[in-house]
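S.K.:
Residue numbers (this note's numbering): 651 to 829.
1. Quick check: what's the CA-CA separation for residue 829 versus residue 715?
2. Buried or exposed for residue 792, please, with buried defined as at least 16 other CB atoms from any protein chain shown within 10 angstroms of its CB.
3. Figure out for me which residue from 700, 745, 668 has the closest Cα to the Cα of residue 805.
4. Which whole-angstrom value describes the C-beta separation of residue 678 and residue 701, a residue pair presumed to lie in contact below a C-beta threshold of 8 Å?
5. State the start and end residues of the unbroken beta strand (DSSP E) segment that holds residue 665.
6. Would you give the residue range spanned by the beta strand (DSSP E) that residue 795 belongs to?
7. What whole-angstrom Cβ distance do residue 699 and residue 732 have, given they're in contact under 8 Å?
8. Between the Cα of residue 822 and the Cα atoms of 743, 665, 795, 683, which residue gives the shortest distance?
9. Roughly how many angstroms separate the alpha carbons of residue 785 and residue 766, rounded to a whole number?
10. If we ignore side chains and look at the alpha-carbon of each, how far apart do residue 723 and residue 768 end up?
11. Considering only the alpha carbon of each residue, which of 749, 697, 801 lies closest to residue 674?
12. For residue 660, is the classification buried or exposed, using 16 other Cβ atoms within 10 angstroms of its Cβ as the cut-off for buried?
13. Skipping 5 residues on each side, what residues in its chain have a beta carbon closer than 8 Å to that of residue 681?
14. Reducing DSSP to helix, strand and coil, say where residue 656 ends up.
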């Protein structure tokens, strides 16, 4: 109970190649936190939050990269689903706060291997910024479709800011199906 792991400060990082557990599944434990802030970065294939009262504090200046998150996430730092790029999931709720940034990468038109997609099983509450980045020299062509989100539990709010790459050749983004 009441254990904390803090990844904070410039160049502070934690990489988890398999799974990270916050709290114990076999018995109720509470107050266990993973705090990411002030330039700290956590990269993980899977993070599992066991029991209410345990969780992740993704604070200003922190960065989280995770493929599978079992639990809920409230974002006040930078959340970058996947580990460049991936088809990622959150098994519960997602909140993007006004100071939160959700970063999605486009490096081609194949979901999961060339561009990010995020599936949220619970409710999604949006504010903050959606930032879309072009990676691996990818350029968008007319007719390209990127299915960035599966909002399985519904969406309330919208992103305050859409930070989308500038397109060439007279192309523009159609975000009418974003939400």
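Even for Gly, the Cβ is constructed at its ideal location relative to N, Cα and C. Quick caveat, the model's predicted, so the values are computed rather than measured.
M.R.: A quick look at the data gives this:
1. Residue 829 and residue 715: Cα-Cα distance of roughly 22 Å.
2. Burial call: exposed.
3. Cα-wise, what sits closest to residue 805 is 745.
4. Contact holds; Cβ gap of about 5 Å.
5. Per DSSP, residue 665 belongs to the beta strand (DSSP E) from 663-672.
6. Here residue 795 belongs to no beta strand (DSSP E), and DSSP marks it neither H nor E.
7. Going by Cβ atoms, the distance from residue 699 to residue 732 rounds to 18 Å, so no, they are not a contact pair.
8. Relative to the Cα of residue 822, the nearest Cα in the group 743, 665, 795, 683 belongs to 795.
9. Each residue's alpha carbon lies about 11 Å from the other.
10. Residue 723 and residue 768 have their C-alpha atoms some 13 Å from each other.
11. Nearest option by C-alpha distance: 697.
12. Residue 660 counts as exposed, since fewer than 16 other C-beta atoms from the protein chains shown sit within 10 angstroms of its C-beta.
13. Cβ neighbours of residue 681 within its own chain (closer than 8 Å, five residues either side excluded): 651, 652, 653, 703, 704.
14. Strand at residue 656.
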